[in-house]
Amino acid sequence: MTQAASPEAGRETMPTAVLWDMDGTLVDTEPYWIATEFAMAEKYGSTWSHEQALGLVGNELLVSGAAIKEQMGLQQSPAEIVEELLDGVVARVQESVPWRPGARELLTALGEDEVPCALVTMSYQRFVDPILAHLPAGTFAAVVTGDRVTHGKPHPEPYLVAAEQLGVAPEDCLAVEDSGTGARSAVAAGCTVLVVEHHVPVPDGERRVKRDSLDGIGVADLPALVAEGRCAC
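Residue numbering for the sequence shown follows numbering that gives the first Met the number 0, beginning at 0 and increasing consecutively.
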């Protein structure tokens, strides 16, 4: 079991729960989305660029579907484009789940220390399910997906819903994110955010603390991260 933080001050800032983004944070599935986008562009005789792909990182899927429709000049509706995207990424993730460094280890440690976790992702449930199947049952006490909310990130709704499902106050939670869109969502909900940049840069801002990787971060490190994030302005 991971050793809990012992200082009195550390106990004051230990997060009540940890709220996890998925794509780019828990798993490195962004390349799967990007590869599927390029495959769609080739299929329909259109063009696509890496810069366009990165511009979609962190968005709710229907927003990305609308952008792809416009930029690729497709006839399908945004919802139809999203379903085709999901077909491609689900097939890839069923072959291999690319975990981000340190993410699975921190999840395991949080479970051992009985710190509740929620998954807060703009991916749809049918993409999330194959990833959850690789984790022990009950790893996430709540799962919020893009097809279960009215407003996606950067709106605060996804994180507010996750905190409500866990029965905790969002301002007492630590969110883990890799995109500016996700960080804005978590901050707007009142969370402190641990930002681990990956595919896109994330601006500094209120209630944000940055680390290069989750590798080596344990439960005992979380109070200091929360305190640092709360000092950010």
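Beta carbons: idealized from backbone N, C-alpha and C, even for Gly.
Note that the structure is a prediction, hence the values are computed from the model and not measured.
For residue i: DSSP bridge partner residues
i: Trp98; result: Val26
i: Cys116; result: Val17
i: Arg207; result: Val192
i: Val175; result: Trp19 and Leu193
Check whether residue i and residue j have beta carbons under 8 Å apart
i: Val167; j: Trp98; result: no
i: Ala117; j: Trp19; result: yes
i: Gly101; j: Met121; result: no
i: Val255; j: Val175; result: An answer regarding residue 255 cannot be provided, because it is not within the stretch 0 to 232 covered by the chain.
i: Ala231; j: Val201; result: no
i: Ala162; j: Pro169; result: yes
i: Arg199; j: Leu53; result: Residue 199 is actually Val in this sequence, not Arg. A contact, by the Cβ cut-off of 8 Å.
i: Thr191; j: Arg210; result: no
i: Trp32; j: Ala40; result: no
i: Ser63; j: Leu55; result: yes
i: Pro14; j: Leu221; result: yes
i: Gly181; j: Gly57; result: yes
i: Val225; j: Leu165; result: no
i: Glu59; j: Gly145; result: yes
For residue i, the first and last residue of its enclosing beta strand (DSSP E)
i: Val62; result: Segment Leu60 to Met71 is the alpha helix (DSSP H) holding Val62; no beta strand (DSSP E) there.
i: Leu131; result: Looking at the DSSP string, Leu131 is not in any beta strand (DSSP E); the run it does join, the alpha helix (DSSP H), is Gln124 to Leu131.
i: Leu224; result: Element bounds for Leu224: not the beta strand (DSSP E) but the alpha helix (DSSP H), Leu221 to Cys230.
i: Ala168; result: First-last for Ala168: undefined, no H or E at that position.
i: Val201; result: Segment: none, Val201 is in no beta strand (DSSP E) and carries neither H nor E.
Residue i, enclosing alpha helix (DSSP H) - first and last residue
i: Glu234; result: Outside the displayed range of the chain (0 to 232) lies residue 234, so it cannot be described from this structure.
i: Ala140; result: Per DSSP, Ala140 belongs to no alpha helix (DSSP H) and is neither H nor E.
i: Ala50; result: Residue identity differs from the one stated: residue 50 is Glu in this sequence, not Ala. Unbroken alpha helix (DSSP H) run through Glu50: His49 to Leu53.
Residue i: CB within 7 Å of a non-hydrogen atom of the ligand NAD
i: Tyr43; result: By its list of ligands, the structure shown contains no ligand whatsoever, and the ligand NAD lies outside what it can speak to.
Between the stretch 103-113 and the stretch 68-84, are three or more C-beta pairs nearer than 8 Å? Three or more Cβ pairs closer than 8 Å define a contact, and the stretch 103-113 falls short of that threshold against the stretch 68-84.
Pairing CB atoms from the stretch 69-78 with CB atoms from the stretch 86-93, are three or more of them under 8 Å? Short answer: they don't touch.
Assess, as a yes-or-no matter, whether the stretch 208-216 is touched by the stretch 176-186 under the definition of 3 or more beta carbon pairs within less than 8 Å. No, they do not touch.
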